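S.K.: First residue of the sequence shown: 7, per the numbering used here; consecutive thereafter.
In this text, a Cβ means the ideal position worked out from N, Cα and C, and glycines have one as well.
Since this is a predicted model, take the numbers as computed values, not measurements.
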Amino acid sequence: MYLLYADESGSIDDPNGDFFVLAGCCLFERQTHWVDNKLESIANRFSGYFGERHCELHGSPMFSGRDGWKLAASVPERVQAVVDSLDLLDHEHGKIPIFISVIEKSLFSDRSKIIPTAFKDIAFAFDSFLKNIYYKNQSQKQRGIMIFDNSTSERMIQDLSYTYKHIGKGDDKLRNFAEVPMFIDSKASRIIQLADLVAYWIYRYYQSKDNRGFNLISPHIYQYAKHKIGLIEHISEETRKELLENANDQGYPFPNASL
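(1) For the beta strand (DSSP E) holding residue 240, just list the boundary residues, first then last.
(2) Going by beta-carbon coordinates alone, are residue 200 and residue 11 separated by less than 8 angstroms?
(3) Give me, in chain order, the residues of the same chain whose beta-carbon lies closer than 8 angstroms to that of residue 178; leave out the 5 immediate sequence neighbours on both sides.
(4) Find out if the Cβ-Cβ distance for the pair residue 207, residue 30 is shorter than 8 angstroms.
(5) Since residue 101 sits in a beta bridge, which residues does DSSP pair it with?
(6) Which residues share a DSSP beta bridge with residue 12?
(7) If contacts are defined as beta-carbon pairs under 8 angstroms, then residue 105 and residue 131 qualify, I think. What distance do you get, rounded to the angstrom?
(8) Check this for me: beta carbons of residue 164 and residue 186, under 8 angstroms apart or not?
(9) Return the Cβ separation of residue 274 and residue 33 in integer angstroms, given the expectation that the two are a contact with Cβ distance under 8 angstroms.
(10) Per DSSP, what kind of secondary structure is residue 254 in: helix, strand or coil?
(11) Suppose contacts are defined by Cβ-Cβ distances below 8 angstroms. Is residue 13 in contact with residue 155 by that definition?
(12) Bridge partners for residue 108 per DSSP, in chain order?
(13) Could you tell me whether the stretch 52-62 touches the stretch 36-43, using the rule of 3 or more Cβ pairs below 8 angstroms?
(14) Is the Cβ-Cβ distance between residue 91 and residue 203 less than 8 angstroms?
(15) To the nearest angstrom, report how far apart residue 166 and residue 25 are at their CA atoms.
(16) Please report the distance separating the alpha-carbon of residue 103 from that of residue 225.
(17) When you compare only the Cα positions, how much space is there between residue 193 and residue 60?
(18) What are the uninterrupted segments assigned as beta strand (DSSP E) that are 3 or more residues long and contained completely in the stretch 165-211, given in chain order?
(19) Quick one: grab the DSSP three-state call for residue 228.
(20) Using a threshold of 8 angstroms, state whether the C-beta atoms of residue 28 and residue 128 are closer than that.
(21) Closest to residue 265 by CA distance: which of 230, 22, 47 and 23 is it?
(22) At the level of alpha carbons, what is the spacing between residue 195 and residue 73?
(23) DSSP three-state call for residue 19: helix, strand or coil?
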């Protein structure tokens, strides 16, 4: 069984943001315990400040210093925690494939279609990942479940998943899902927090042309037959050109991982 932990970054209704990102981290069922323990050890670095309050590893607060992070840790300490968390995508128990949908909101006149489009993007890319495992080795047929932070649009995604799994036909049918998506509180799952970090740093790449996190994540975007089918972009040619010409390190330099 493979589990795709997914979270979003960028608000559909935020007039100051141009993009919406939905990103997922894919783990085999036996990987989750190890990754969770590693993330817990990173969060424990800041227990001296947060104490009995639960320290959550979320991209935007860690970057900006909100929610106590400015007092809990210096900028270098926060940056190191981000780098060490993203470094777990390439860990000794197996690489973690990443699935991402990036939507430039101005391309959608009907904003209500943004979340359905993003869900369909990563759901079908994940389904292809599961299918390709079987193609490589027919004794290794695997099923998958998507797990979302419960702040995501639960009812809409449940309905979409049911439609694609049971009603869809041909290329519009999910064939390798064990069940409709699950929704959990990010406080209860370090791996959902990892998905949040991935989504946030992908968002910063497109929104702010800050490629520090993107450079760590990009090698882990799911690729099959030399095609990065794990990254689905709905962006303008102007945005694509700006990324090629202007994306660079912005802010405190990312160090090497310390784990």
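M.R.: The short version:
(1) 237-240
(2) In this structure, residue 11 lies closer than 8 angstroms to residue 200 by Cβ.
(3) 170
(4) no
(5) 96
(6) Residue 12 has 30 and 154 as its beta-bridge partners, per DSSP.
(7) 5 angstroms
(8) Pairing residue 164 with residue 186 gives a Cβ-Cβ distance under 8 angstroms.
(9) Since the displayed the chain opens at 7 and closes at 265, residue 274 lies outside it and no answer follows.
(10) In the structure shown, residue 254 sits in a strand (DSSP, three-state: E or B).
(11) In this structure, residue 155 lies closer than 8 angstroms to residue 13 by Cβ.
(12) 27 and 239
(13) no
(14) yes
(15) 22 angstroms
(16) 9 angstroms
(17) 7 angstroms
(18) 188-190
(19) coil
(20) yes
(21) 47
(22) Roughly 18 angstroms separates the two Cα atoms.
(23) In the structure shown, residue 19 sits in coil (DSSP, three-state: anything other than H, G, I, E or B).
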